[in-house]
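**Q** For the record, in the sequence shown the residue sitting at position 93 is 93 according to my numbering, with numbers rising by one throughout.
Note that the Cβ used here is the ideal one computed from N, Cα and C, for glycine as well.
All values reported here derive from a predicted model rather than from experimental measurement.
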Amino acid sequence: MTRTLNKTFANHGVAWEGIYGYNQAVKVKDVIYVSGQLGHDHEGVLVAPATLDANGKPTDFSGMEQQMRQTYLNTIALLAQFGATLDNVVEETLYVLDVDAAFEVAGKVRKAVYGNDFPQCASNLIGVSRLAFPQQLIEITFRAVLPDDVTV
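(1) Measuring straight from C-alpha to C-alpha, what distance separates Ser62 and Ala50?
(2) Looking only at its chain, what residues have a beta carbon closer than 8 angstroms to the beta carbon of Thr2, apart from the 5 residues adjacent to it on each side?
(3) Can at least three beta-carbon pairs, one atom from the region 121-134 and one from the region 70-82, be found at a separation below 8 angstroms?
(4) Assuming contact is defined by CB atoms lying nearer than 8 angstroms, are Leu79 and Ala144 in contact in what I supplied?
(5) For the candidate residues Ala122, Asn6, Cys121 and His42, whose alpha-carbon lies nearest to that of Lys29?
(6) Just verifying my parser: in three-state terms, what is the DSSP assignment at Gln37?
(7) Grab me the residues of Gly56's own chain with a C-beta within less than 8 angstroms of its C-beta, minus the 5 sequence neighbours each way, in chain order.
(8) What is the DSSP secondary structure of Glu104, reduced to helix, strand or coil?
(9) Work out the CA separation of Phe9 and Tyr23 for me, nearest whole Å.
(10) Note down the Cα distance separating Tyr20 from Val34, rounded to an integer number of angstroms.
In structure tokens form, the structure reads like this:
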């Protein structure tokens, strides 16, 4: 007997969801798994895109804070589709092109979006050599858990 897993999905409606073929978030039982989020607007246009050099590598990381804030706003919108908020987040992983630039703004941004001087989740900050889009500086994945009495 094959048993199927009951999954609920959420998306932003941006082009790359269909191009790549994935969902932005998947809920299984009481856990929400959020795919790597980035700082794009409602049309899928990257906020504060980095300036690139002749080789297509970012040369300016001053947009890190704006991209990070928008990434959290996009995550808030996804979580809301499941009746969740950032209060439900138990783990986040920030993937960044420049660890120093990210670390410089992460404390301020995270404290503001979580509304807490010590956001109540585990957090990882990892430097990487490339992200999905050349002008992208940050991508964040999340895991959130719903209380037993929430169903969506």
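**A** The structure says:
(1) About 8 angstroms.
(2) none
(3) no
(4) yes
(5) Asn6
(6) Per DSSP, reduced to three states, the secondary structure at Gln37 is strand.
(7) Pro134
(8) helix
(9) First, the amino acid is wrong: residue 23 is Asn here, not Tyr. Those two C-alpha atoms are separated by around 6 angstroms.
(10) 16 angstroms
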